[in-house]
Every structure is written in structure tokens, then in C-alpha cells.
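*Asks:* My structure is below; once you've seen it, I'll send some questions.
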Amino acid sequence: MLTVYGDSGSGNCLKVKFIADRFGIPLKWIEVGVVNGETRTPQFLAMNPAGQVPTVVFDDGRILAQSNAIMLHLAEGSDLIPGEAFDRALMFQWLFWEQYSHETAIAVRRYHKMFLKKSDAEIDPALMPKCERALDVMEGHLSNRSYFVAERLSLADIALVAYTRFAHEAGLDLVKWPQVRAWVIRIECDLGLKTALP
Ligand SMILES: N[C@@H](CCC(=O)N[C@@H](CS)C(=O)NCC(=O)O)C(=O)O
106 MLTVYGDSGS
116 GNCLKVKFIA
126 DRFGIPLKWI
136 EVGVVNGETR
146 TPQFLAMNPA
156 GQVPTVVFDD
166 GRILAQSNAI
176 MLHLAEGSDL
186 IPGEAFDRAL
196 MFQWLFWEQY
206 SHETAIAVRR
216 YHKMFLKKSD
226 AEIDPALMPK
236 CERALDVMEG
246 HLSNRSYFVA
256 ERLSLADIAL
266 VAYTRFAHEA
276 GLDLVKWPQV
286 RAWVIRIECD
296 LGLKTALP
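Numbering (the working numbering), first residue to last: 106 to 303.
This is how it looks when you write it as C-alpha cells:
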């Protein structure tokens, strides 16, 4: 049984659930609230000194953090990781981009708006153009394809959909990015999820 320490409002944490559900990996979810500081308790920090969820514990006691590292481990050898080396590198390209240029904009703006309940005026004004830029990059990439890599579902799509499906909660209307909107619904459907889009 995989034990997942996660906040169910977090796209990073939900990535782990998406993969576990897809492969029928039984999991025990332990809710750890980010807003109320549960990632900063001595007990949690002893498990993950970075103080972040998701953090997973395997049956043998080994601990792993970082959503994309956890997904890669759970999906090892599966069709969610391209077998061909260049396609696999492209998948990594999008996983790294998601963490550096997408999650740091859309997830962060959503967090300030939805979870910290800040008004737009209180949120760093640099975040909105960064969010829009990320969606522009995705829109361009999806203009002539249905999936991010190799025209099939991969971890790149799952990593990127985790927060894109909540873009409206960050203050972005995906109607302005129609290819991205259609792709979100496609990936949610592939994952058996009810759409999160309004
Ligand atoms: N790059 C990490 C980010 C993890 C992360 O920032 N988690 C947030 C919740 S989405 C968290 O635990 N925040 C609490 C904190 O940093 O104190 C991942 O992908 O897992």
C-alpha cells in the first residue's frame, strides 16, 4: 500500500492519485493541509525536510517527494513514458518546463487567489503575464497535435493538466486558449475525470 501525504486541493498531489488510479495501485491518502501549516510540523519535516506535499512512503519505508519524480517512479515501464529515447526526452522537456514555467505561475496565482483569498490587487502583478505566456506556449504546441508528445497520452500531459484544469481559479479563462481547453477535456476524459472546467 502506497501512503500519500497530500493536500487534496493541490494539483501536484492529485498527479500522484491520477497515476495510482490508472494503474490500480492501492493508496492510503493522508490529508496534510498546506494553508494551515501541516507541512511544517516536526513530524512532517522529519519525513520530508523540504516541508512539501506530495510526499509518498512505500511499504518498505522508502520516502519520495516531488510530484513528477513520484509519477515517473509509479509509471516506470508503462505506456505513459515513451519507449523511444527522443520522445522520452521531449516528455522530460515538458515535465521540467511545467515545474519551472507553468506551475510557478498558474499554481502560485491560484494558491494566492483561492487558498489565501487575496484580491487581485494583492497578488504579484508579474504572475498574470507569466500565466498567459505559459498558456500561449501550450496553445502553440497544441495547434497541430492532440497530446504533448508522440500523439499519445504521456506523463507530460498529466503533469501539465494538473493545474491547467484549474486555470479559472487562477483568474484565467481558457476560452482565450481554445486548443488548451479542448486538450484539458481530452486528458481529463483519458484519466476518467469529471472536468474541473467551468
Ligand atoms: N515541485 C514540487 C512542489 C511541491 C509543492 O510546492 N507543494 C506545495 C503544495 S502544492 C506545498 O507543499 N507547499 C507547502 C510549503 O511549501 O510550505 C512538486 O512538484 O511536488
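We put the beta carbon where it would ideally sit given N, CA and C, even for glycine.
(1) Does Tyr268 come out as helix, strand or coil in the three-state DSSP assignment?
(2) Glu136 bridges to which residues according to DSSP?
(3) For Val285 and Glu203, what's the separation of their Cα atoms in angstroms?
(4) Taking the continuous alpha helix (DSSP H) assigned at Leu240, which residues delimit it?
(5) Straight-line CA distance for Leu247 to Ser172?
(6) Beta-carbon distances below 5 Å to any heavy atom of ligand 1 define the shell here; list its residues in chain order, please.
(7) Residue ranges of each beta strand (DSSP E) run of no fewer than 3 residues wholly in the region 152-183, ordered along the chain?
(8) Counting Cβ pairs closer than 8 Å, one from the region 229-238 and one from the region 141-148, do we hit at least three?
(9) Rounded to whole angstroms, what is the Cα-Cα separation between Arg250 and Ser259?
(10) Please classify Phe163 as buried or exposed, where buried requires at least 16 other C-beta atoms within 10 Å of its C-beta.
(11) Within 8 Å, do at least three Cβ pairs link the region 260-267 to the region 174-182?
(12) Do you know offhand how far Phe253's Cα is from Met106's?
(13) Would you report the Cα separation of Asp192 and Leu296, rounded to the nearest angstrom?
(14) Specify, as a first and last residue, the run of the alpha helix (DSSP H) that Leu119 falls within.
(15) Enumerate in chain order the residues of its own chain whose CB-to-CB distance from Ile186 is below 8 Å, with the five nearest sequence positions on each side excluded.
(16) For Ala210, which of Trp199, Tyr268 and Val280 has the nearest alpha-carbon?
(17) Between which residues of its own chain and Ser206 is the CB-CB distance below 6 Å, once the five residues before and five after are set aside?
(18) Assuming Pro159 and Val121 form a contact by the criterion Cβ under 8 Å, report the distance between their Cβ atoms to the nearest whole angstrom.
*Replies:* According to the data block:
(1) helix
(2) Gly111
(3) 14 Å
(4) Leu232 to His246
(5) 24 Å
(6) Ser115, Asn117, Val139, Thr144, Gly156, Gln157, Val158, Gln171 and Ser172
(7) 160-162 and 168-170
(8) no
(9) 13 Å
(10) exposed
(11) yes
(12) 31 Å
(13) 21 Å
(14) Gly116 to Phe128
(15) Leu177, Ala180, Arg193, Met196, Ser259 and Leu260
(16) Tyr268
(17) Ala239
(18) 5 Å
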